[in-house]
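Here our numbering is used: the first residue of the sequence shown is 1180, the next is one more, and so on. Here's the structure we're looking at; comments come further down.
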Amino acid sequence: MSAKPKIAVYWTGSCGGCDVSFLEVGEAIVEILSRVEVVFWPALVDVKRSDLEAMPPGSIDYALINGVIRTEENREMAEILREKSKYIVAYGACAHLGGVPSLADLWGKEEIFRAVFGEGFRPGPPPGVDGEARLPDLSEKAVPLEEVVRVDYAVPGCPPPAPLISRFFTALFSGEMPDPPYVFANVKALCEECPRERHDDRRIERIVRPHEIVPDPNKCLLEQGLICMGPVTRGGCNALCPVAGMPCTGCLGPTPEAGDPGAAMLSALASLVRFEDEGEEYFAREDEVLERLADPLGTFYMYAFGKFRRRS
């Protein structure tokens, strides 16, 4: 690109980790910021919504939006950024798939209010503030960005790992951005880049949680009974979690081949829970193993419930 690309970065319903993730690239952040023109990034520069609204349509090249859409204000800002931007990037798992916050869709808005604030709570202006001031309305559902506006690209992760951030900006600066829609992560599963040893005849005889064992540092975590989502999750992070001894939780999203991560992972587990016995005893032991699976929805859809909730 001849001129510096104009970018915007905005944070909707998220923890803030995605904004901080830009620091993961280390000193390269200096070069990145020197090669772009930041026109809207509330966490970094003093800009207001009115400044964004005053910009001409299409004047921003790339808007990187992180966070789930949870409030009416989130929705409004996403729509404004869509109007002002040539391309919208779902940055991070919440914007891409709904993320952990979308698990709240298991309950209604009123149930959430009662659980967090107690009986009788009603949203209102802060004490001593003008009556017209109020918190943004909470939407009935927490939804990924694509359910509100058209999304051109995704940089997945919770938060996006340095290799994928670098991959996005390398493509941007080279002028070789792929045709949208496109996800900046590998098509193949994370297992393909995991250095842990896997065996062709592997099987699971028990399911354990991370706090229950000290895993073998070389052996596949799934073979050790830890629910690792690596077989159905996109690669691109260099298997950071499995290398550190923690199972993949699926933050880069499912591979195109896997589709629905829960259905695909359950199928993979069923093929690994195998015994030599036949008949009723075989199925009894298989059920006993699978019953050890705690919180199936939170395990299989930790980041993707917002996208796949209608099917799960």
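Glycine included, each C-beta is placed from N, C-alpha and C at the ideal position.
Anticipated Cβ contact below 8 Å, residue i with residue j, distance rounded
i, j, result
"Leu1369", "Gly1414", "4 Å"
"Gly1192", "Arg1249", "4 Å"
"Leu1314", "Pro1302", "5 Å"
"Glu1216", "Lys1183", "5 Å"
"Ala1283", "Ala1321", "6 Å"
"Tyr1270", "Pro1339", "6 Å"
"Tyr1482", "Ala1272", "4 Å"
"Arg1214", "Ile1267", "Contact doesn't hold; Cβ gap of about 20 Å is too wide."
"Arg1381", "Gly1404", "Arg1381 to Gly1404, Cβ: 11 Å. No contact."
"Val1334", "Phe1363", "5 Å"
CA-to-CA distance, residue j to residue i, given in whole angstroms
i, j, result
"Pro1323", "Val1247", "5 Å"
"Glu1467", "Leu1431", "30 Å"
"His1378", "Pro1396", "15 Å"
"Gly1485", "Tyr1361", "19 Å"
"Tyr1212", "Pro1235", "It is Leu, not Tyr, that sits at residue 1212 in the sequence shown. Rounded to the nearest angstrom, the two C-alpha atoms are 23 Å apart."
"Phe1300", "Glu1251", "19 Å"
"Val1204", "Gly1195", "17 Å"
"Pro1208", "Phe1201", "Reading the sequence as shown, one finds Ile at residue 1208 and not Pro. Rounded to the nearest angstrom, the two C-alpha atoms are 7 Å apart."
"Gly1438", "Val1366", "12 Å"
"Glu1290", "Ile1186", "38 Å"
"Val1226", "Asn1253", "16 Å"
"Cys1416", "Leu1343", "7 Å"
"Ala1233", "Glu1262", "11 Å"
"Asp1198", "Phe1352", "20 Å"
"Met1408", "Leu1231", "39 Å"
"Ser1281", "Glu1255", "19 Å"
"Glu1371", "Lys1398", "14 Å"
"Thr1478", "Ala1350", "33 Å"
"Ser1446", "Pro1421", "21 Å"
"Leu1469", "Glu1402", "14 Å"
"Glu1325", "Ala1449", "32 Å"
"Gly1356", "Ala1294", "Strictly speaking, residue 1356 in this sequence is Met, with Gly absent from that position. About 45 Å."
Selection from the options that minimises the alpha carbon distance to residue i
i, options, result
"Val1327", "Ile1208, Asp1395, Leu1260, Cys1197", "Leu1260"
"Asp1358", "Ala1423, Tyr1332, Ile1344, Trp1220", "Tyr1332"
"Ala1443", "Pro1340, Pro1410, Glu1402", "Pro1410"
"Ile1383", "Ala1187, Arg1471, Phe1487", "Arg1471"
"Ala1257", "Ile1344, Phe1352, Ala1418, Tyr1189", "Tyr1189"
"Phe1348", "Leu1243, Ala1473, Val1218, Asp1230", "Leu1243"
"Phe1292", "Gly1354, Cys1273, Glu1262, Asp1316", "Asp1316"
"Glu1210", "Ser1345, Ala1449, Ala1418, Thr1412", "Ser1345"
"Asn1245", "Cys1373, Met1481, His1275", "His1275"
"Ile1406", "Asn1417, Cys1416, Pro1394", "Pro1394"
"Cys1373", "Asp1474, Val1226, Leu1419, Asp1380", "Leu1419"
"Gly1278", "Phe1363, Pro1421, Gly1429", "Gly1429"
"Gly1287", "Arg1385, Glu1319, Lys1263", "Glu1319"
"Val1476", "Pro1440, Phe1352, Val1224", "In the sequence on display, residue 1476 carries Leu and not Val. Of the listed residues, the one whose Cα sits closest to Leu1476 is Pro1440."
"Phe1219", "Cys1197, Ser1264, Val1295", "Ser1264"
"Pro1433", "Leu1448, Ala1449, Thr1412", "Thr1412"
Per-residue burial, residue i [other beta carbons within 10 Å of its own, 16 or more giving buried]
i, result
"Glu1376", "exposed"
"Pro1435", "exposed"
"Arg1228", "exposed"
"Phe1462", "For Phe1462, the predicted structure reports a pLDDT of 49, less than 50, and the residue's modelled location is therefore unreliable. A value from the coordinates is still provided. With fewer than 16 other Cβ atoms within 10 Å, it is exposed."
"Gly1354", "exposed"
"Asp1474", "exposed"
"Phe1487", "buried"
"Leu1400", "buried"
"Pro1304", "exposed"
"Glu1298", "exposed"
"Val1224", "exposed"
C-beta neighbour in chain D for residue i, strict 8 Å
i, result
"Pro1426", "Chain labels in this structure do not include chain D; a single protein chain is all it has."
The ligand FMN heavy atom lying under 7 Å from the CB of residue i
i, result
"Glu1216", "Only the bare structure without any ligand can be found here, which leaves the ligand FMN out of the picture."
Would you call the region 1292-1309 and the region 1227-1239 touching, i.e. three or more CB-CB distances under 8 Å? no
- [ ] Answer yes if the region 1380-1398 comes into contact with the region 1420-1438, meaning at least three C-beta pairs across the two stretches below 8 Å, and no otherwise.
- [x] yes
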